[in-house]
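As C-alpha cells, the structure follows; a few thoughts come after it.
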Amino acid sequence: MPYVAKLEKAGIPTVVVNYADQDELVRQTALASGLPNVRLVHCSRTLGGPEDVDAFIGPLVDALTRPLTKKEKESGKWAPPQERVLFEGSLDEAETFYQQTRQIHSPLLNAPIAVYTDGLPVRIPTEERVREMLTGTSHKPDEVISYPRDIGGLRGGMRKKGDPVRFQPMGWTATVEKVAIIAVMAGCKPEYLPVVLAIAQSECPTGTAGAWSQWSCVSGPIAKEIGMNFETAMLEPGNPPNATIGRAYQLMAINLGGAVTGVNRLNNFGSPFNTGGVCFAENADGLPSGWKGLNEEYGFKKNESIVMVMNQSGVLRTGNFPPGGYRALQKSGHGGIARRLGVKGVPGLHNFLEYLVPDIWTDHDGGFTFLIIPQMARDLYDYGFKSKNDLYEWLYKKSFEPLAKYRLRAGPDLTTNGWMGIERTSGKPWKELPDDYMVPVVGEPHDNCIIVCGGTTEHMEMLAGRRGGLSPHAVYNIDAWR
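Residue numbers for the sequence shown follow this note's numbering, beginning at 314 and rising by one.
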C-alpha cells in the first residue's frame, strides 16, 4: 500500500485488486498510508484464473481511466488525537470503561471485540499508578518513542534513527507515558518498564492471514534482575514478568497501533501465543562455552540486556521424538532415532538434529527458531558444534534440495517473482537452471535462530519463520531505557 500511495501522489492512476471480504482491511491500510479513498476492484477466491480475470478486467480498466472525484482526491493520514486516555471516575466505573467492547460487523467476523483490552480484565491506569510506573525509567513522560537506528525492510520503507516509531497497523505515534499506561494495564511492575519500552520500538506488528504469533525473548542480566522464568514451563502461566511483559505487546498493538480483530487484524485462526501475550528469557547460564547469547549474536556485550521481538507465522512445533528416545540415543545408541541415523549400538554422542532434517522443511520454506534446553545444547557442543554459527551453517547446508522439488513449494511462487527473477546462489535466472540444481530452502544461515532455555527434560520446540519475523532488525536495547 505505501507504494500504491506513492504512485497516486505522483499522478499515476492505481487500483487495488482485493477480495470483497477484506475491503475494510484495505481501506484501513490505505488510510494509514495517506490514501483514504483508494479505488477497489474485487477478485474471486474461487473462480479459475482466466474466468476471474474476465470478470474483473472491465471494472479494473474503468477504475483506472475514470477521472477522480473530489472526494477521491483527498489525501492525508488519519492522525487521531493524542490526548491522554486516563479515565476519571470511580474504580468500578473505570473498570467498566476499560473493558467495554464494540460489535464488529464484517463478512469475516460478527462478534464483540474489546476496545482497549485483549479481552481480559486489566489493571486500571490511575494517575498514581502511572506515576509509579514511570519511576522505572529515567526518560521523560512526554518523550516520543523513536527508532534507535536506521531500519530498512519495514512496512512503508526505511525508518531513520530518531524518527517517531509508527505503531502498526495504523502508523500512530506514542510517548513514554503512553507506554507506561499500557504497562500498568498489563500488570507490569516499574522495573519491567525498560523492557516494555524497548519492545515498543518494534512497532508491535500483528500480521494478517494465517496464524501470526507475537512473542519476545529477553537476553542479558535484566532477566535475572526482574525474576523472569527461562527454565521449566517458561511459556506456561505463573511468572509475573513473563506474563505481563508479553501482554503489554498485545495491549500496545491495540491501543497504540490501532489493531482491531476483524477489521485490520485478520489472522485466519490466530495463535494461542497471542492470548495474553508471551515473553520469556534466554538461559545465559545454560549456554555451552563458545556459544553466544542473543545479545552477543547481535553485536551487544554479554553484560548488556536486549529483547528480540518476533512476529512469526505459525505456532510451536515440537521435536518429533519422546525424551526417552533421545536419552536412549545418547546413552547407548539404541531406539528408533539410532536406527534412523544408522548408529544402533554405537555409544557416544550423536547429532539428534539429523533425525529431524530435512523433514522439518516438508511444509515450510525458510528458517526456524529452535528452543533447546541446556543439556541438549551441551550435547551438540560436545558432538562438534563449537559455536552457534557452526550449527547455523550445518542447518543451512542441510536445507538444499533439487530445483525440481523446490518448484513444488507454494512460497517460492511469490519470492521468485513467478520464477522470472534471479536465483541468489547461482546469479542466474530461475528459468535457466536445470532440475537437479540444488537450492537452499533456508535463505541464509542466520535465518535460523537458536535460543537456549527451558527445563531439564530432553525435548525441543521449533517456531517456523525467519528470525525477527517481519523485521530484519528485531533486537532492541533494554539498557537504553533504564
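Glycine is no exception: its CB is placed at the ideal position from the N, C-alpha and C atoms.
| field | Three-state secondary structure assigned by DSSP to Thr359 | value | What you label residue 359 is simply residue 46 of the sequence shown in a count that begins at 1. Here Thr359 carries a coil assignment [DSSP, helix/strand/coil].
| request: Kindly confirm or deny that the region 655–673 and the region 570–588 touch, where touching means at least three C-beta pairs closer than 8 Å. | output: Touching, no.
| For Ala376, which residues of its own chain have a beta-carbon under 7 Å away from its beta-carbon, when the five flanking residues on both sides are left out? | Within the sequence shown, the letter at position 63 stands for residue 376. Correct list, in chain order: Val328, Arg352 and Val354.
| field | Contact set for Met621: own chain, Cβ-Cβ below 6 Å, skip 5 residues either direction | value | Position 308 of the sequence shown holds residue 621. For Met621, the CB contacts under 6 Å within the same chain, skipping 5 residues up- and downstream, are Cys530, Leu607, Ala787 and Val788 in chain order.
| task | Please look up how many angstroms separate the CB atoms of Met498 and Arg436, rounded, as I've assumed it's under 8 Å. | result | On the sequence shown, residue 498 is found 185 positions in, with the first residue counted as 1. On the sequence shown, residue 436 is found 123 positions in, with the first residue counted as 1. About 6 Å; that satisfies the 8 Å criterion.
| query | What do you get for Val765, buried or exposed, if any count of 16 or more other CB atoms within 10 angstroms of its CB means buried? | reply | As a working note, residue 765 is residue 452 in the sequence shown. In summary, Val765 is buried, with 16 or more beta-carbon neighbours lying within 10 Å of its beta-carbon over all protein chains present.
| Is the Cβ-Cβ distance between Arg449 and Pro372 less than 7 Å? | By 1-based counting over the sequence shown, the position of residue 449 is 136. By 1-based counting over the sequence shown, the position of residue 372 is 59. The amino acid at residue 449 is misidentified as Arg; the sequence shows Gly. Going by C-beta atoms, Gly449 is not nearer than 7 Å to Pro372.
| query | How many Å lie between Pro507 and Leu320 at the Cα? | reply | For the purposes of this step, residue 507 is taken as residue 194 along the sequence shown, with counting starting at 1. For the purposes of this step, residue 320 is taken as residue 7 along the sequence shown, with counting starting at 1. When the Cα atoms are used, Pro507 and Leu320 turn out to be separated by approximately 40 Å.
| query | Whose CA, out of Leu404, Lys474 and Trp485, lies closest to the CA of Leu344? | reply | Indexing the sequence shown from 1 puts residue 344 at position 31. Taking only the C-alpha atoms, the option nearest Leu344 is Trp485.
| request: Could you work out which residue in Gly533, Gln563, Ala556 and Gln514 is closest to Ile495 when comparing CA atoms only? | output: Position 182 of the sequence shown, counting from 1, holds the residue named residue 495. When only C-alpha atoms are compared, the closest one is Gln563.
| task | Work out the CA separation of Ile325 and Met314 for me, nearest whole Å. | result | For the purposes of this step, residue 314 is taken as residue 1 along the sequence shown, with counting starting at 1. For the purposes of this step, residue 325 is taken as residue 12 along the sequence shown, with counting starting at 1. CA-to-CA, the gap between Met314 and Ile325 works out to about 14 Å.
| request: Please say whether Phe593 and Asn555 have beta carbons closer to each other than 7 Å? | output: Taking the sequence shown and counting its residues from 1, one reaches residue 555 at position 242. Taking the sequence shown and counting its residues from 1, one reaches residue 593 at position 280. Yes.
| Within this structure, are the beta carbons of Ile558 and Tyr505 separated by less than 7 Å? | To locate residue 558, count along the sequence shown from 1; it is residue 245. To locate residue 505, count along the sequence shown from 1; it is residue 192. Less than 7 Å separates the beta-carbon of Ile558 from that of Tyr505.
| Anticipated Cβ contact below 8 Å, Ile512 with Ala561, distance rounded | Here residue 512 refers to the residue found at position 199 when the sequence shown is read from its first residue. Here residue 561 refers to the residue found at position 248 when the sequence shown is read from its first residue. Indeed, because the Cβ distance is near 7 Å, the residues count as touching under 8 Å.
| From Arg796 to Arg472, what distance separates their C-alpha atoms? | Lying outside 314 to 795, the shown extent of the chain, residue 796 is not represented and no answer is given.
| query | For the alpha helix (DSSP H) that Ala513 lies in, which residues bound it at each end? | reply | Walking along the sequence shown from the start, residue 513 turns up at place 200. First-last of the alpha helix (DSSP H) with Ala513: Leu506 to Ala513.
| Under the rule that 16 or more other beta-carbon atoms within 10 Å means buried, what is Ser403, buried or exposed? | Your numbering for residue 403 matches position 90 in the sequence shown. Burial state of Ser403 is exposed, judged by a 10 Å Cβ sphere holding fewer than 16 other Cβ atoms.
| task | For Thr631, name the three-state secondary structure that DSSP assigns. | result | As a working note, residue 631 is residue 318 in the sequence shown. It is a strand residue.
| query | How close, in whole Å, do the beta carbons of Asp678 and Gly724 come, if the pair is a contact with beta carbons under 8 Å? | reply | For this step, residue 678 is matched to residue 365 along the sequence shown. For this step, residue 724 is matched to residue 411 along the sequence shown. Rounded, the Cβ-Cβ distance is 4 Å, consistent with contact.
| field | Euclidean distance between Cα positions of Leu716 and Ala493 | value | Stepping through the sequence shown from its first residue, residue 716 is reached at position 403. Stepping through the sequence shown from its first residue, residue 493 is reached at position 180. Straight-line Cα distance between these residues: approximately 51 Å.
| task | Would you identify the three-state DSSP class for Trp674, choosing helix, strand or coil? | result | Against the sequence shown, residue 674 aligns to sequence position 361. It is helical.
| query | Taking Asn283 as the reference, which of Ile763, Ile735, Glu774 and Glu387 has the closest Cα? | reply | Summary: the structure shown does not reach residue 283, with the chain confined to residues 314 through 795, and so no result is reported for it.
| message | Could you give the first and the last residue of the continuous alpha helix (DSSP H) run that contains Arg640? | response | Sequence index remark: in the sequence shown, residue 640 carries index 327 (1-based). Segment Pro636 to Ser645, the alpha helix (DSSP H) holding Arg640.
| So what does Val573 bridge to, in DSSP terms? | On the sequence shown, residue 573 is found 260 positions in, with the first residue counted as 1. Bridge partners of Val573: none, in fact.
| field | For Trp604, the three-state DSSP class (helix, strand or coil) | value | Here residue 604 refers to the residue found at position 291 of the sequence shown. In the structure shown, Trp604 sits in coil (DSSP, three-state: anything other than H, G, I, E or B).
| message | Short of 8 Å in beta carbon distance, which residues of its chain neighbour Ala536, apart from the five on each side in sequence? Order them along the chain. | response | Along the sequence shown, read from residue 1 onward, the residue named residue 536 stands at position 223. Excluding sequence neighbours, Ala536 sits near Phe543, Ala594, Glu595, Ala597 and Ser618.
| query | Assuming Ile338 and Ala318 make a contact with CB atoms under 8 Å, what is their CB distance in whole Å? | reply | Here residue 338 corresponds to residue number 25 of the sequence shown, with the count starting at 1. Here residue 318 corresponds to residue number 5 of the sequence shown, with the count starting at 1. The question names Ile, but residue 338 is Leu in the sequence shown. About 16 Å; that fails the 8 Å criterion.
| task | Can you tell me which of the three DSSP states Ile791 falls into? | result | Walking along the sequence shown from the start, residue 791 turns up at place 478. Three-state result, Ile791: coil.
| query | Can you tell me whether Ile791 is buried or exposed, with buried defined as 16 or more other CB within 10 angstroms of its CB? | reply | Along the sequence shown, read from residue 1 onward, the residue named residue 791 stands at position 478. Ile791 comes out buried.
| request: Alpha carbon to alpha carbon, how far is Leu704 from Lys491? Give it in angstroms, no decimals. | output: Here residue 491 corresponds to residue number 178 of the sequence shown, with the count starting at 1. Here residue 704 corresponds to residue number 391 of the sequence shown, with the count starting at 1. Their backbone Cα atoms lie some 41 Å apart in a straight line.
| query | Which same chain residues, not among the five before or five after Gly646, have their C-beta less than 8 Å away from its C-beta? | reply | Within the sequence shown, residue 646 is the residue found at index 333, counting from 1. Shown here for Gly646: same chain residues with a beta carbon closer than 8 Å to its own, the five before and five after excluded, namely Val656, Lys657, Gly658, Val659, Pro660, Gly661 and His663 in chain order.
| Tell me which same chain residues have a C-beta within less than 6 Å of the C-beta of Pro477, skipping the five on either side of it? | The residue you call residue 477 lines up with position 164 of the sequence shown. By the criterion of a C-beta distance shorter than 6 Å, Pro477 is surrounded in its chain by Val457, Ser459 and Thr486, once the five residues flanking it on both sides are discounted.
| Contact check, Gly685 vs Met773 under 8 Å by CB: the rounded distance? | The sequence position of residue 685 within the sequence shown is 372, counting from 1. The sequence position of residue 773 within the sequence shown is 460, counting from 1. Just to set this straight, residue 685 is Ile in the shown sequence, not Gly. About 5 Å; that satisfies the 8 Å criterion.
| request: Return helix, strand or coil for Phe613, following the three-state DSSP convention. | output: Looking up residue 613 in the sequence shown gives position 300. It is coil, neither helix nor strand.
| field | Neighbour-count burial assignment, Pro420, 16 or more Cβ in a 10 Å radius | value | As a first step, residue 420 must be located in the sequence shown, where it is residue number 107. Per the 10 Å Cβ criterion, exposed.
| Where in the region 661–708 do unbroken runs of the alpha helix (DSSP H), each at least 4 residues long, occur, reported from the N-terminal end onward? | Restricting attention to alpha helix (DSSP H) runs no shorter than 4 residues, the region 661–708 encloses them at 687–696, ordered along the chain.
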